[in-house]
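Below: the structure, in structure tokens.
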Amino acid sequence: MKRRSFLKGAAWAVAGAAAAPLLSSCVREKGSPDLGVAGDFHFGPGGSFKLLQFTDTHYIAGDPRSERALRCAEEMIETERPDLIIHTGDIVFGRPDIESAMEILRPLAESGIPWAVALGNHDSQFGSTREDMFAAIRELPGCVNLPPKDGVYGCSNDVITLSGAGGPEHVFYLFDSMDAVILKGEEEIHCYDYIRHNQIAWYRAHSERFTRENGGVPVPSMAFFHIPLCELSEALAAGILPLSGTNGEPPCPSRLNSGLFAQFREMGDVKAIVTGHDHDCDYVLDYGQIHFIYGRFSGGDTIYNHLGPNGYILSDTHTAPGTVSGCRVFQFNEGERGFRTWVRLCGGAVQQQLDL
Ligand SMILES: [Fe+2]
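Using the numbering used here, the letters of the sequence shown correspond one by one to residues 20 to 375.
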């Protein structure tokens with residue numbers, strides 16, 4: 020944990036050195052939540068739909084340590100041929116940041132497959148504002164993210180639906196979990212940002228509409244964002260063990276709990292919270308009505324990562340020999356409220372097949 024705390028601190032130091040504001044310009048406080056939907060997808064001819072999640076590619080253009088991330092993205096798309104791709108953030112990890120994003124997202128843009136991003140804390144720490152980074156990403160072919168919404172904090176807040184013959188059967192919410200906030204003093208206490216009240220109001224407005232239009236029955240939903248919630252730490256502290264996967268480090272959520280998890284429970288639709296951020300975790304944990312699901316680290320060697328082909332590799336080094344990148348996949352079948360998930364590794368192995 021000491022190693023990791025240092026790395027996280029170093030990242031903030033980078034942000035400070037670049038004079039990048041911790042609170043991005045991409046924060047809007049006026050107007051009412053926009054109820055537009057970024058994409059409405061439909062099941063394929065066989066009645067199934069496959070969603071692929073990349074996370075934490077930490078790409079740096081021109082850096083050979085990033086080659087593994089690019090190879091991983093190309094191989095995962097080619098192997099799984101999903102219907103939709105979601106990148107849950109920390110797309111880049113250095114300058115030139117927008118060029119880095121263009122390079123690592125190129126396999127997505129050239130795949131012909133629709134895709135979206137939920138930005139990570141590092142995606143606005145290397146010179147460009149969050150708004151500029153998001154605008155550049157949105158220009159790429161296949162990106163379905165809508166422009167930032169008036170009155171909703173952050174940039175990458177979007178709703179995607181998966182519909183059957185009778186309307187939406189699954190809803191995917193993308194939240195911008197932003198970067199960091201200063202709790203006390205310039206240097207003293209930072210913490211990761213938190214989901215703001217206006218983001219929760221935006222979610223609730225969509226959720227209420229979907230439930231109302233579904234005859235009062237909540238539509239099974241998933242939430243995708245970068246930084247996990249405090250409740251994951253609480254679940255682990257309560258002794259709940261993952262159903263599958265590797266738990267290689269403690270979660271690093273915000274210290275501020277703004278109540279998103281409680282809202283998910285209250286609305287009764289979100290059944291899975293899918294994040295990245297903690298590179299040495301790729302597990303699924305059942306916390307009663309909601310599953311916490313980590314993506315599989317999809318990066319190269321620009322940042323710490325120790326997930327081997329069969330789990331966590333104990334090592335004091337920044338990256339461990341034998342580390343394997345990959346992705347997480349979700350498959351939905353028409354008429355079914357649940358889904359299947361698994362982790363796909365570079366090289367072809369499949370792990371953690373679960374029906375949830
Ligand atoms: Fe990361």
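Just so you know, even glycine gets a beta-carbon here, dropped at the ideal spot from N, CA and C. Please read all numbers here as calculations on a predicted model, not as lab measurements.
query	result
Specify, as a first and last residue, the run of the alpha helix (DSSP H) that Cys162 falls within.	From DSSP, Cys162 is part of no alpha helix (DSSP H); its letter is neither H nor E.
Leaving out the 5 sequence neighbours to the left and right, which residues in its chain are closer than 7 Å to Ser175 when beta-carbon positions are compared?	Val136, Ala137, Leu138, Phe153, Asn164, Leu193 and Asp195
Nearest to Asp212 by alpha carbon, out of Gly131, Gly367 and Ser277?	Ser277
Counting C-beta neighbours from all protein chains within 10 Å, is the total for Pro239 16 or more, i.e. buried, or is it exposed?	buried
Which residues neighbour ligand 1 when neighbourhood means a C-beta less than 7 Å away from any of its non-hydrogen atoms? List them by chain order.	Asp75, His77, Asp109, Gly139, His141, Gly295, His296, His298 and Ile322
Pull up the distance between the alpha-carbon of Ile292 and that of Cys365, whole angstroms please.	24 Å
Going by Cα to Cα distance, which pick from Leu262, Arg284, Gln308 and Asp301 is closest to Pro269?	Asp301
Give the straight-line distance between the Cα atoms of Gly267 and His298, rounded to the nearest whole angstrom.	8 Å
According to DSSP, is Lys21 helix, strand or coil?	Note that Lys21 has pLDDT 33, beneath the 50 cutoff, so the model's placement of it is unreliable and the number below is only indicative. Correct three-state label for Lys21: helix.
With distances taken Cα to Cα, identify the nearest neighbour of His77 among Asp151, Ile332 and Gly113.	Gly113
Can you look up Arg274 in the DSSP assignment and give me helix, strand or coil?	coil
Per DSSP, what are the beta-bridge partners of Asp374 in this structure?	Arg359
Does the Cβ of Glu48 have 16 or more other Cβ atoms within 10 Å, making it buried, or fewer, making it exposed?	Annotation note: pLDDT 42 at Glu48 (below 50); position unreliable, no value reported.
Does the beta-carbon of Val190 have 16 or more other beta-carbons within 10 angstroms, so that it is buried, or is it exposed?	buried
What ranges does the alpha helix (DSSP H) occupy inside the segment 290-345, keeping only unbroken runs of at least 4 residues that lie completely in it?	none
Measure the alpha-carbon distance for Leu103 versus Ser334 and round it to whole angstroms.	35 Å
Could you name the residues of the same chain whose beta carbon sits closer than 6 Å to that of Gly357, not counting the 5 residues immediately before and after it, in chain order?	Leu375
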